[in-house]
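Here the sequence shown stands for residues 20 to 299, where the numbers follow the working numbering. Glycine included, C-beta positions come from ideal geometry on N, C-alpha and C. These numbers come from a predicted model, not from an experiment.
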Amino acid sequence: MPGSVLAPRLGCKGFAFIVKRLLAASAFAVSLAAASASVAHAASNQQANAQIQWTAAATATLSIVTQYSTTFTQGNALPTLLPSVAGVCTAAGTEANFTLTFGALSPRTNVSTACLYKNALAVSVQTDDASGFVVNEYLDAAPTSGVGICAFPNGGASFPLTPAVAPVAASARNGNPAAGTFTGTVLTSCAAGGSIIPAGTGGASTAGATPGNPGTPGLEYYSPSGTVLGMLSTALPTVSGGAVVAMYGAQDVQVNLAAGARSTLAAQTGAYITIQFVPN
């Protein structure tokens, strides 16, 4: 009998121990299952993307004035003309818009001569083009034999100038600026600091006869010209203080005459300087 009483108690203790082992095993299995689920969830994260592309058209505004002031104002007063030799040129009257009037020139038989128009031409450019731009210039046609045209930069030592904010740089030239050098009847170099404005070449000429700003009916220009003098150059938009503003460049213009240059029967009115804006 005592043996039969103890056996169930031992059996109960053994049974309880087995249940605890089973519960522990089950809890461990659940933990492994949770870990497996977490790993599986992390592996399912994936990415993709789409690229957005666009362009924004650049804007640009070009304008010019002749006989300019430091406020970029068109001048109509008696021009300031500087002869290389006294008596070569003398201003005779007030000026017209978009015109450089040198009047009657008096060449010499034994030496080249010149007449420089002070504060002759200024250019204004305003653009948000991130790549910058160049402004160049050329003559619509080669001048008469024995005549050549030079440009002298204002606000810099040489061309091309770097566009600058206002005020527009004024000319510091005075006295009797030297004439350029001729080989026969062809101008081959300008005095120090000056550059020859070449005759345009390339595209078709519009054969116009009206000077003025872009959009003026009857403008004379090539489309475009392949032979030019670079006037302004920059790799940046015209930004100052975080805003797009007008920037400027300016020059004096000089007419040069070879020794013994032939006279003209009427005023030389057929020469045009074309200013050309070209985005980079």
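Residue i in three-state terms, based on DSSP
i      : result
Ala62  : helix
Leu97  : coil
Gln295 : strand
Ala183 : strand
Thr202 : strand
Phe34  : Its pLDDT being 33, under 50, Phe34 is placed unreliably in this model, and the coordinates cannot settle the point.
Identified DSSP bridge partners for residue i
i      : result
Ala170 : Ser214, Val272
Leu81  : Val144
Gln72  : Answer is none; Gln72 lacks a bridge partner.
Phe91  : Answer is none; Phe91 lacks a bridge partner.
Distance between residue j and residue i (C-alpha atoms, nearest Å)
i      : j      : result
Thr128 : Arg192 : 26 Å
Phe47  : Gln66  : Low per-residue confidence applies at Phe47: pLDDT is 48, beneath 50, and the placement is therefore not dependable, though the value from the model is reported in the following sentence. If you take the alpha carbons of Phe47 and Gln66, they lie about 34 Å apart.
Pro196 : Leu135 : 7 Å
Thr181 : Glu239 : 26 Å
Thr246 : Asp159 : 11 Å
Pro298 : Thr235 : 21 Å
Ala77  : Val263 : 12 Å
Thr74  : Ser150 : 13 Å
Val142 : Ala218 : 20 Å
Leu248 : Asn173 : 15 Å
Gly175 : Leu100 : 21 Å
Gly222 : Ala228 : 17 Å
Gln145 : Ser82  : 9 Å
Ile215 : Tyr157 : 9 Å
Ala226 : Ala183 : 33 Å
Ile168 : Phe178 : 15 Å
Ala105 : Thr89  : 28 Å
Distance CB(residue i)-CB(residue j) smaller than 9 Å
i      : j      : result
Ala7   : Pro126 : For the chain, the structure presents residues 20 to 299; residue 7 sits outside this window and is missing.
Cys209 : Gln273 : yes
Ala133 : Thr120 : no
Ala265 : Ala185 : yes
Ser131 : Gly199 : yes
Arg281 : Gly165 : yes
Ala230 : Asp147 : As written in the sequence, residue 230 is Pro, which differs from the Ala given in the question. In this structure, Asp147 does not lie closer than 9 Å to Pro230 by Cβ.
Leu251 : Val107 : no
Val187 : Tyr291 : no
Leu124 : Tyr87  : no
Practice prompt. Entirely within the segment 206-276 and at least 3 residues each: give me those beta strand (DSSP E) ranges in chain order.
Written response: 248-253, 266-276
Worksheet item: What runs of the beta strand (DSSP E), each 3 residues or longer, lie entirely inside the segment 101-178?
Response: 132-146, 152-158, 166-173
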